[in-house]
Amino acid sequence: MSSQPRNDDGPDLEEVAEEEELLILEKEVEQIAQKILDYRTTLPAQLSSTISLLESQRPVLPTHLLDEAVPQPEAGVTKGLLRETTGFPVTDDSDEAVKIQLLKQKISSNATAVPVVLNRMKEYMARIDKLDSSNGIIHPAFKRKRTS
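With the numbering used here, the residue at position 35 of the sequence shown is 1353, and numbering never jumps.
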(Lines of atoms letter the chains of each structure in order from A and count residues from 1; the text may use other names and numbers.)
(Lines give C-alpha, C1' and ligand atoms only; values in the text may rest on other atoms or scores of the structure.)
Protein backbone atom coordinates (compact mmCIF):
# COMPACT_ATOMS: atom_id res chain seq x y z
CA MET A 1 0.00 0.00 0.00
CA SER A 2 1.26 3.41 -0.83
CA SER A 3 1.42 6.15 1.71
CA GLN A 4 -0.04 8.78 -0.67
CA PRO A 5 -3.72 8.64 -1.61
CA ARG A 6 -4.47 8.44 -5.33
CA ASN A 7 -5.92 11.59 -6.81
CA ASP A 8 -7.74 10.82 -10.04
CA ASP A 9 -8.95 14.42 -10.44
CA GLY A 10 -5.41 15.81 -10.93
CA PRO A 11 -4.75 14.56 -14.44
CA ASP A 12 -8.32 15.35 -15.49
CA LEU A 13 -8.00 18.95 -14.33
CA GLU A 14 -4.70 19.30 -16.17
CA GLU A 15 -6.23 17.87 -19.34
CA VAL A 16 -9.21 20.20 -19.09
CA ALA A 17 -6.90 23.18 -18.56
CA GLU A 18 -4.78 22.15 -21.53
CA GLU A 19 -7.88 21.73 -23.70
CA GLU A 20 -9.15 25.17 -22.68
CA GLU A 21 -5.76 26.70 -23.43
CA LEU A 22 -5.72 24.89 -26.77
CA LEU A 23 -9.19 26.24 -27.62
CA ILE A 24 -8.10 29.76 -26.71
CA LEU A 25 -5.01 29.45 -28.89
CA GLU A 26 -7.09 28.09 -31.78
CA LYS A 27 -9.46 31.06 -31.49
CA GLU A 28 -6.51 33.44 -31.53
CA VAL A 29 -5.10 31.72 -34.61
CA GLU A 30 -8.49 32.01 -36.32
CA GLN A 31 -8.65 35.71 -35.45
CA ILE A 32 -5.15 36.29 -36.79
CA ALA A 33 -6.00 34.38 -39.96
CA GLN A 34 -9.13 36.52 -40.37
CA LYS A 35 -7.07 39.70 -39.92
CA ILE A 36 -4.57 38.51 -42.51
CA LEU A 37 -7.40 37.74 -44.92
CA ASP A 38 -8.91 41.18 -44.31
CA TYR A 39 -5.55 42.85 -44.89
CA ARG A 40 -5.02 40.89 -48.08
CA THR A 41 -8.40 41.96 -49.41
CA THR A 42 -8.34 45.60 -48.31
CA LEU A 43 -4.70 46.63 -48.66
CA PRO A 44 -4.47 46.41 -52.47
CA ALA A 45 -7.53 48.63 -52.81
CA GLN A 46 -6.19 51.08 -50.24
CA LEU A 47 -2.81 51.11 -51.93
CA SER A 48 -4.27 51.80 -55.35
CA SER A 49 -6.53 54.54 -54.00
CA THR A 50 -3.62 56.12 -52.16
CA ILE A 51 -1.46 56.00 -55.28
CA SER A 52 -4.19 57.53 -57.41
CA LEU A 53 -4.71 60.23 -54.77
CA LEU A 54 -1.01 61.01 -54.73
CA GLU A 55 -0.87 61.07 -58.52
CA SER A 56 -3.78 63.48 -58.68
CA GLN A 57 -2.16 65.80 -56.13
CA ARG A 58 1.29 65.64 -57.69
CA PRO A 59 2.32 69.06 -58.96
CA VAL A 60 3.28 69.41 -62.58
CA LEU A 61 6.92 70.39 -62.65
CA PRO A 62 8.98 71.10 -65.75
CA THR A 63 11.29 68.19 -66.43
CA HIS A 64 13.69 70.07 -68.64
CA LEU A 65 14.65 73.64 -69.34
CA LEU A 66 12.81 75.53 -72.01
CA ASP A 67 14.57 76.71 -75.13
CA GLU A 68 13.91 80.32 -74.15
CA ALA A 69 15.81 79.74 -70.94
CA VAL A 70 19.15 79.38 -72.74
CA PRO A 71 21.12 82.59 -72.30
CA GLN A 72 21.38 84.55 -75.53
CA PRO A 73 23.41 87.72 -75.90
CA GLU A 74 21.14 90.58 -76.80
CA ALA A 75 22.63 94.05 -77.29
CA GLY A 76 25.38 93.39 -74.78
CA VAL A 77 22.95 92.10 -72.13
CA THR A 78 22.72 88.40 -71.41
CA LYS A 79 19.29 87.04 -70.77
CA GLY A 80 19.19 84.22 -68.20
CA LEU A 81 16.40 82.11 -66.83
CA LEU A 82 13.30 84.14 -66.34
CA ARG A 83 10.95 83.57 -63.46
CA GLU A 84 8.00 84.08 -65.76
CA THR A 85 9.05 81.27 -68.12
CA THR A 86 9.74 78.58 -65.55
CA GLY A 87 7.58 79.73 -62.67
CA PHE A 88 10.45 79.21 -60.24
CA PRO A 89 13.10 81.60 -59.01
CA VAL A 90 16.60 81.20 -60.34
CA THR A 91 18.98 80.14 -57.58
CA ASP A 92 22.67 79.46 -57.85
CA ASP A 93 23.11 79.10 -54.12
CA SER A 94 23.68 75.52 -53.00
CA ASP A 95 22.19 76.23 -49.56
CA GLU A 96 18.91 77.27 -51.12
CA ALA A 97 18.95 74.19 -53.34
CA VAL A 98 19.43 72.00 -50.27
CA LYS A 99 16.58 73.78 -48.50
CA ILE A 100 14.32 73.34 -51.52
CA GLN A 101 15.15 69.64 -51.69
CA LEU A 102 14.46 69.27 -47.95
CA LEU A 103 11.15 71.08 -48.36
CA LYS A 104 10.18 68.77 -51.22
CA GLN A 105 11.01 65.73 -49.09
CA LYS A 106 8.93 67.04 -46.18
CA ILE A 107 5.99 67.76 -48.46
CA SER A 108 6.25 64.29 -49.95
CA SER A 109 6.37 62.61 -46.54
CA ASN A 110 3.41 64.67 -45.34
CA ALA A 111 1.43 63.75 -48.44
CA THR A 112 2.09 60.06 -47.89
CA ALA A 113 0.96 60.35 -44.27
CA VAL A 114 -2.43 61.86 -45.17
CA PRO A 115 -4.31 58.54 -45.63
CA VAL A 116 -3.02 57.24 -42.30
CA VAL A 117 -4.12 60.41 -40.54
CA LEU A 118 -7.54 60.24 -42.19
CA ASN A 119 -8.00 56.64 -41.06
CA ARG A 120 -7.02 57.58 -37.50
CA MET A 121 -9.47 60.46 -37.55
CA LYS A 122 -12.27 58.18 -38.74
CA GLU A 123 -11.48 55.64 -36.02
CA TYR A 124 -11.43 58.27 -33.30
CA MET A 125 -14.64 59.86 -34.57
CA ALA A 126 -16.29 56.43 -34.44
CA ARG A 127 -15.04 55.95 -30.88
CA ILE A 128 -16.37 59.35 -29.87
CA ASP A 129 -19.75 58.59 -31.42
CA LYS A 130 -19.79 55.27 -29.60
CA LEU A 131 -19.03 57.01 -26.31
CA ASP A 132 -21.72 59.61 -26.98
CA SER A 133 -24.30 56.90 -27.55
CA SER A 134 -23.36 55.05 -24.35
CA ASN A 135 -24.70 56.18 -21.02
CA GLY A 136 -21.30 56.07 -19.36
CA ILE A 137 -20.21 58.75 -16.95
CA ILE A 138 -17.73 61.15 -18.50
CA HIS A 139 -15.41 63.14 -16.29
CA PRO A 140 -16.27 66.87 -16.36
CA ALA A 141 -12.76 67.73 -17.56
CA PHE A 142 -13.49 65.97 -20.84
CA LYS A 143 -16.89 67.55 -21.47
CA ARG A 144 -17.23 70.48 -23.81
CA LYS A 145 -18.17 73.77 -22.31
CA ARG A 146 -21.41 75.10 -23.70
CA THR A 147 -21.01 78.53 -25.25
CA SER A 148 -24.04 80.66 -25.76
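All C-beta atoms in this analysis are idealised placements derived from N, C-alpha and C, irrespective of residue type, glycine included.
Computed from a prediction, not measured in an experiment: that's the story for all the values here.
- Taken through DSSP and simplified to helix, strand or coil, I1456 comes out as coil.
- Taking C-beta atoms under 8 Å as the contact rule, T1368 and P1458 fail to qualify, at a distance of about 40 Å.
- A distance of 8 Å or more separates the beta carbons of A1429 and Q1349.
- The DSSP-derived three-state label of R1358 is helix.
- In this structure, the CA atom of L1331 is about 21 Å from the CA atom of K1345.
- Judged by DSSP secondary structure, R1445 falls within the alpha helix (DSSP H) whose first and last residues are 1412 to 1451.
- The three-state secondary structure of T1368, taken from DSSP, is helix.
- Collapsing the DSSP output to three states places K1461 in coil.
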